[in-house]
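Everything on this sheet refers to the single structure shown next.
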Amino acid sequence: MHRAVVLGTGSCLPERVLTNNDLEQMVKTSDEWITSRTGIRTRRIAGSDEQNYQLASRAAVMALESAGISGAELDLIIVATMTPHMIMPSCACFVQAEIGAEKAFAFDLNAACSGYLYGFDLADKYIASRPEMKILLIGSETLSARVNWEDRNTCILFGDGAGACVIGGSDERGILDSNLFSDGKLWKLLYMDSPASRNPDLLDPDRKGCFIQMSGRDVFKYAVRAMEDAVSGLLDRQQVSMDDVSLFIPHQANIRILGKLMERVGVAQEKVFINVDKYGNTSAASIPIALDEANRQGRLQKGDLILFCSFGGGFTWGSMLMHW
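If you want it as structure tokens, here you go:
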């Protein structure tokens, strides 16, 4: 049976760096407060000519170069995002036009911070039925456009960026298994409203605005437990232990969540890839940016067992195992 395997990776970060000292001038906070509670020191903020689809397209070009193929060879483009440039057309259609992927069909996928794992699982299903397919999977976000910059509890957390990978088929390596979940009953703990309705009968009088709203303490509690269960369940199902894992790439939410998760699943810190200090929480872009950095740093060798996990609004969460 053919499985989805990564052929190449890429990423793109905006030029502007927003530091904790910069945030001290915007809201009532401090570098020490942010660093001690989140581990974040800087994040990237999109500027002119850095729309979501533009970041996504630049990450895609890098991934295509890494894979040694052209956009014209792609069969499918999936963009995981909750901050698209437009509601219609999809971000993926904009990317298709930007990179000349004329024969590919394209669509967006919204599973918040878990979007990349959901997208990879979907790509694996396509590969199983058509092993010759070449699929471009991108996680891309411009969360700065959907943050309340007067709310110090959320605006300190999020950043912009894009990560991409080209996926093909292999009968030797690739995805071993994924373990995905959601729970819509808990949506009010982490959500973002849509733009106001043009139909007055559908207007929500309690609507606060089209920006991220979060109950941080509750999210922390659910996130750690959910990711721990997703990881342990996956490892048990595949009959492998954390000792067998070469590299663990979790969603980069904040350092307290990552620290508690590492403690719960019993993984050594040197096996965990962390870059949340540089970029903050980039939602669906978080894992693919980290994957590209790990790849370009030489931390991934053919045959390595790689473990991913994520948690996001919805709630959505899950884990995935891959032979590199």
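In this note's numbering, each residue's number is its place in the sequence shown (first place is 1) plus 7.
Ideal Cβ positions, reconstructed from N, Cα and C, are used throughout, including at glycine.
Predicted model, so just to flag it, every value in this text is computed and none were measured.
Can you give the beta carbon distance from residue i to residue j, rounded, assuming they're within the 8 Å contact cut?
i: S185; j: M327; result: 4 Å
i: G170; j: L298; result: 7 Å
i: L144; j: C172; result: 6 Å
i: T149; j: Q58; result: 7 Å
i: K141; j: E80; result: 5 Å
i: P21; j: A53; result: 5 Å
i: A260; j: F318; result: 7 Å
i: L314; j: F227; result: That belief does not hold up - the Cβ atoms of L314 and F227 are roughly 21 Å apart, past 8 Å.
Please report the residue range of the beta strand (DSSP E) in which residue i lies.
i: M199; result: L197 to M199
i: N302; result: Taken as a continuous stretch (DSSP letters only), N302 belongs to no beta strand (DSSP E), being part of the alpha helix (DSSP H) at S293 to R303.
i: M329; result: T323 to H330
i: S189; result: G181 to S189
i: F112; result: F112 to L116
i: I94; result: No beta strand (DSSP E) contains I94, which DSSP labels as neither H nor E.
i: L210; result: Careful: L210 lies outside any beta strand (DSSP E) and carries neither H nor E.
i: A87; result: L83 to A87
i: F318; result: L312 to G319
What do you get for residue i, buried or exposed, if any count of 16 or more other CB atoms within 10 angstroms of its CB means buried?
i: P257; result: buried
i: M69; result: buried
i: T289; result: buried
i: G305; result: exposed
i: R137; result: exposed
i: C217; result: exposed
i: R205; result: exposed
i: G310; result: exposed
i: W194; result: exposed
i: W156; result: exposed
i: S121; result: buried
i: R65; result: buried
i: R224; result: exposed
i: S43; result: exposed
i: G320; result: buried
i: Q308; result: exposed
i: S55; result: exposed
i: Q61; result: buried
i: A203; result: exposed
i: S77; result: exposed
Could you check where the alpha helix (DSSP H) with residue i kicks off and where it finishes?
i: L164; result: Run containing L164: none; DSSP gives neither H nor E here.
i: C100; result: C98 to I106
i: L71; result: N59 to A74
Between the region 102-111 and the region 77-89, are three or more C-beta pairs nearer than 8 Å?
Yes: at least three Cβ pairs fall under 8 Å.
Flag this pair as touching only if the region 245-252 and the region 212-219 have three or more C-beta atom pairs under 8 Å; answer yes or no.
Output reads no: the region 212-219 does not touch the region 245-252.
Threshold first: 3 residues or longer. Then list the beta strand (DSSP E) segments lying entirely within the region 19-52, N to C.
Qualifying beta strand (DSSP E) stretches, in chain order: 23-26 and 49-52.
Entirely within the region 134-162 and at least 4 residues each: give me those alpha helix (DSSP H) ranges in chain order.
List check, alpha helix (DSSP H) in window: 159-162.
Closer than 8 Å is the cut-off here; do at least three beta carbon pairs connect the region 112-129 with the region 171-189?
For the pair of segments examined, the region 112-129 was found to touch the region 171-189: the number of CB pairs separated by less than 8 Å reaches three.
Which residue spans inside the region 220-294 form an unbroken beta strand (DSSP E) run of at least 3?
Under the rule that a run must span 3 or more residues, the beta strand (DSSP E) segments found entirely inside the region 220-294 read 254-257.
Pair every Cβ in the region 261-277 with every Cβ in the region 104-115, then say whether three or more of these pairs are closer than 8 Å.
Contact between the region 261-277 and the region 104-115 is absent: fewer than 3 CB-CB pairs across the two stretches fall below 8 Å.
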